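Asker: Please find one structure pasted underneath; my questions will follow.
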Amino acid sequence: MKAVKLAGGLGNQMFQYAFAKAHQHKHKTPVLFDKTVYHPAYNRSFDLAHFNCKMEFTTPAKNRWPKILRKLLKRDGKKFKSNFGAHYFNDVKESHGLKFYPHLLENTDNAYYAGCFQSEKYFIDIRDILLKDFTLKEKLNAANSAILEDIKSKNSVSLHIRRGDYITVNNGIHFAVEQDYYQKAVSYIAEKIKYPYFFVFSDDAKWCKENLKLELPMQIVNINDALHGFYDLELMKNCKHNIIANSTLSWWGAWLNENRDKVVIMPQKWNLLDTSTYENIFPQGWIKL
Numbered sequence: 003m004k005a006v007k008l009a010g011g012l013g014n015q016m017f018q019y020a021f022a023k024a025h026q027h028k029h030k031t032p033v034l035f036d037k038t039v040y041h042p043a044y045n046r047s048f049d050l051a052h053f054n055c056k057m058e059f060t061t062p063a064k065n066r067w068p069k070i071l072r073k074l075l076k077r078d079g080k081k082f083k084s085n086f087g088a089h090y091f092n093d094v095k096e097s098h099g100l101k102f103y104p105h106l107l108e109n110t111d112n113a114y115y116a117g118c119f120q121s122e123k124y125f126i127d128i129r130d131i132l133l134k135d136f137t138l139k140e141k142l143n144a145a146n147s148a149i150l151e152d153i154k155s156k157n158s159v160s161l162h163i164r165r166g167d168y169i170t171v172n173n174g175i176h177f178a179v180e181q182d183y184y185q186k187a188v189s190y191i192a193e194k195i196k197y198p199y200f201f202v203f204s205d206d207a208k209w210c211k212e213n214l215k216l217e218l219p220m221q222i223v224n225i226n227d228a229l230h231g232f233y234d235l236e237l238m239k240n241c242k243h244n245i246i247a248n249s250t251l252s253w254w255g256a257w258l259n260e261n262r263d264k265v266v267i268m269p270q271k272w273n274l275l276d277t278s279t280y281e282n283i284f285p286q287g288w289i290k291l
């Protein structure tokens with residue numbers, strides 16, 4: 003048996019799901035999901051529930067064996083209970099979330115995978131499967147449907163600006179992309195695309211209104227709260243082109259975009275760690291500015 007731990011927001015959950023499905027597809031064996039961090043008491047949102055993802059779940063079971071005895075029995079792993087019964091899983095932790103580790107796709111028995119798996123190299127071979135799984139179960143509401151029609155009728159470009167916790171939380175890893183990046187990205191689009199129309203998505207609409215000055219048609223999409231980011235994702239992926247932030251949400255919006263002629267622009271710098279640690283977050287063909 004194998005299991006993958008789900009954690010983080012929607013974008014992170016999608017990477018973890020894609021990694022698990024790639025494993026399942028390659029080895030033709032079930033891969034379970036542990037979503038216990040999304041217990042209501044933890045105030046976290048299990049956003050994959052809104053998509054047509056095919057999942058079997060596992061949950062921690064009370065371990066009846068003392069740790070010293072588990073070591074003697076070579077059972078020094080986590081014990082989980084699922085519809086398949088109780089199983090011991092051995093921890094397999096990703097060393098760094100933005101690197102690609104081919105050995106993680108090897109067929110390891112009783113593995114409990116924990117990580118971010120933020121590289122398309124894990125799952126590029128099952129793109130067609132993921133395009134189907136990452137479709138919404140529910141229809142868009144009236145407000146989002148109206149914007150979607152507008153997006154489809156124009157030479158639309160999604161522009162994502164993430165601020166929120168990137169501004170308020172100083173963890174030494176994440177940062178808010180500077181305004182200069184967006185100006186360069188918009189200029190690049192204007193040179194390559196005729197009559198672009200920008201749809202701006204952000205968790206800080208006020209900042210966008212006050213600071214984002216484009217000399218091209220634009221619209222700030224401010225109808226979805228933090229609990230409905232999956233609606234923003236649906237709108238972004240339907241734009242013909244994408245300017246993303248250093249955010250997994252808009253990364254997936256661009257990756258799921260099925261326009262064969264799409265132009266995708268992403269920040270040259272993804273986080274505050276050394277550049278060599280995140281080279282695999284960049285899909286081939288995307289423009290780095």
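Take the sequence shown: its position 14, counted from the start at 1, is 16 in this note's numbering, and no numbers get skipped. Each residue gets a CB set at the ideal place from its N, CA and C atoms; glycine is no exception. Note that this is a predicted model, so its numbers are computed, not measured.
Identify, in the order they occur along the chain, each residue of the same chain with its Cβ nearer than 6 Å to the Cβ of K186, setting aside the five sequence neighbours on each side.
Answerer: Within the same chain, K186 has close Cβ partners L291.
Asker: So for T60, helix, strand or coil by DSSP?
Answerer: Three-state DSSP puts T60 in a strand.
Asker: Starting from L150 and walking both ways along the alpha helix (DSSP H), at which residues does that stretch end?
Answerer: First-last of the alpha helix (DSSP H) with L150: 144-155.
Asker: Span of the beta strand (DSSP E) holding K4?
Answerer: Element bounds for K4: 4-7.
Asker: Where does H176 sit, in a helix, a strand or coil, going by DSSP?
Answerer: In this structure, H176 counts as coil in the three-state DSSP scheme.
Asker: Can you tell me whether DSSP reads P104 as helix, strand or coil?
Answerer: Correct three-state label for P104: helix.
Asker: Output the distance between the C-alpha atoms of K264 and H243, rounded to the nearest integer angstrom.
Answerer: About 5 Å.
Asker: What separation, rounded to the nearest whole angstrom, lies between the Cα atoms of Q286 and E122?
Answerer: So the two alpha carbons sit approximately 10 Å from each other.
Asker: Suppose you measure from the CA of A247 to the CA of E212; what does that come to, to the nearest Å?
Answerer: So the two alpha carbons sit approximately 18 Å from each other.
Asker: Where do the ends of the alpha helix (DSSP H) carrying Y183 lie?
Answerer: 181-194 is the span of the alpha helix (DSSP H), which, as asked, contains Y183.
Asker: Count the CB pairs spanning the region 142-161 and the region 193-205 that are closer than 8 Å, and state whether there are at least three.
Answerer: Touching, yes, given that three or more Cβ pairs across the two stretches are closer than 8 Å.
Asker: If the criterion is Cβ atoms closer than 8 Å, does the pair W272 and M16 meet it?
Answerer: No, the pair does not count as a contact, with Cβ atoms beyond the cut-off.
Asker: Taking 8 Å as the cut-off, decide whether the C-beta atoms of R165 and D206 are in contact.
Answerer: Cβ atoms of R165 and D206: closer than 8 Å.
Asker: Excluding the 5 residues preceding and the 5 following D234 in the sequence, name in chain order all residues of the same chain whose CB lies nearer than 6 Å to its CB.
Answerer: F203, N226.
Asker: In angstroms, rounded to a whole number, what distance separates the CA positions of A178 and P219?
Answerer: The alpha-carbon atoms of A178 and P219 are separated by roughly 24 Å.
Asker: Taking the beta strand (DSSP E) that F21 belongs to, which residues open and close that run?
Answerer: Counting along the chain, F21 falls outside any beta strand (DSSP E), though it belongs to the alpha helix (DSSP H) covering 12-29.
Asker: Between E140 and N54, what straight-line distance do the alpha-carbon atoms span, to the nearest angstrom?
Answerer: Rounded to whole angstroms, E140 to N54 spans 9 Å at the Cα level.
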